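Position 174 of the sequence shown, counted from 1, bears residue number 174 in the UniProt record's numbering, the numbering being contiguous throughout. We put the beta carbon where it would ideally sit given N, CA and C, even for glycine. Bear in mind that the values here come from a model prediction, so they are computed numbers and not experimental data. Working notes, beginning with the structure itself.
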Amino acid sequence: MTPRAVAVKAGLERGWVELRSKLASPWELSGEVWPWIIAVGVMFALRDKKVPGTDFSIGLQAVPGIVGMSLIYTGLMGLALVLTTDRDDGTLLRMKAIPNGTIGYFISKVVSRAGITTAALLIILIPSALLFGDLRVNSVTAWLTLIGIILLGLLATLPIGAVIGAVFGSVQSLGLVMLPVMGLIAISGIFYPITAFPEWVQWIGQVFPVYWLGLGMRSALLPDSMAIAEIGGSWRHLQTIGVLGVWAVIGFAYAPVVLRRMARRGSGTTVKETETAAA
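Printed below as a string of structure tokens:
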């Protein structure tokens with residue numbers, strides 16, 4: 001077995017251990033999902049509001065988007081926070097001393113955060129299925145589509161979280177990322193059909209994975225008749241797979257490089273300076 005393969009295997013094992021530890025603490029997991037459960041409740045209150053030009057409920061149309069948005073925050077931003085914290089306390093610096101340690105570290109964090117995010121999504125889907133009877137939760141095809149979109153979404157977004165965590169210098173500075181992320185969510189059709197926005201805004205939204213993640217979630221959970229509210233009146237499955245796949249390939253090729261460069265810049269002195277500043 002090559003050194004790189006050994007690092008990947010160690011990363012998978014470490015990620016599984018971290019995931020089991022997190023799932024063993026229900027209180028920690030609940031902190032990941034309660035804002036989105038509240039959001040689902042708000043959408044239930046809007047269930048009688050209709051998407052303009054259709055008979056579809058705005059509340060129902062937004063639920064899959066909320067599920068997708070929780071993946072962005074729990075997965076992408078959660079991983080960014082973990083990496084920034086580990087850099088501040090010297091964990092990533094210690095990984096640098098191990099052959100291919102950065103690769104193993106990256107794999108472990110992707111595995112653990114992907115598992116946590118998937119668990120959070122399932123917790124959100126349960127009350128959603130109870131509140132919105134029109135969600136396609138009784139269809140095998142819908143579940144297969146949903147699982148595929150979740151996997152692709154995790155592969156497309158988690159490396160972005162790793163890059164963000166590597167680029168930003170402190171946990172506090174991560175707050176600056178929230179503004180552009182919120183802006184992307186606003187123009188990505190999560191709470192309102194993207195077709196209601198000007199065409200140039202629609203093009204910007206379609207560049208990033210947030211829109212395609214939401215579209216894929218809607219195609220899995222909503223009746224096919226609701227595709228009329230989407231661009232071209234279609235769920236565009238092939239385009240969804242293509243765009244998310246491209247983001248995944250770019251992310252997994254680029255994120256380990258960024259992490260290695262960040263680790264090379266780290267030292268015991270910088271960790272100490274970070275601890276002193278935090279104190």
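Looking at C-beta atoms only, is the number of pairs between the segment 136 to 148 and the segment 209 to 222 that lie closer than 8 Å three or more?
yes
Have a look at Ala166, Ile204, Ile228 and flag the residue whose alpha-carbon is nearest the alpha-carbon of Pro256.
Ala166
Between which residues of its own chain and Trp203 is the CB-CB distance below 6 Å, once the five residues before and five after are set aside?
The beta carbon of Trp203 is closer than 6 Å to none in its chain, skipping five residues each way along the sequence.
Using the Cα positions of Arg261 and Gly161, report the straight-line distance between them to the nearest angstrom.
16 Å
How big is the Cα-Cα spacing for Leu23 and Leu29?
Approximately 7 Å between the Cα atoms of the pair.
If I'm right that Ile187 touches Val201 with Cβ under 8 Å, what's the distance once you round it to whole angstroms?
5 Å
Which residues does DSSP list as the beta-bridge partners of Ser57?
Lys50
Report yes or no: do three or more beta-carbon pairs, one from the segment 82 to 94 and one from the segment 58 to 74, lie closer than 8 Å?
no
Taking C-beta to C-beta, are Pro64 and Gly214 nearer than 8 Å?
Their beta carbons are under 8 Å apart, which means Pro64 touches Gly214 by this criterion.
Distance, Met182 Cα to Met226 Cα:
25 Å
Going by DSSP in three states, Met226 sits in which element: helix, strand or coil?
helix
Val137 (DSSP reduced to helix, strand or coil):
Val137 falls in the coil class under three-state DSSP.
CB-CB under 6 Å to Ala114, same chain, minus the five flanking residues each way: which ones, in chain order?
Excluding sequence neighbours, Ala114 sits near Leu154.
Alpha carbon to alpha carbon, what distance is there between Ile72 and Thr157?
So the alpha carbons of these two residues sit roughly 7 Å apart.
Where do the N-terminal and C-terminal ends of the alpha helix (DSSP H) with Gln172 fall, by residue?
Per DSSP, Gln172 belongs to no alpha helix (DSSP H) and is neither H nor E.
Smallest Cα separation from Trp27: which of Val40, Ile116, Phe44, Arg47?
Ile116
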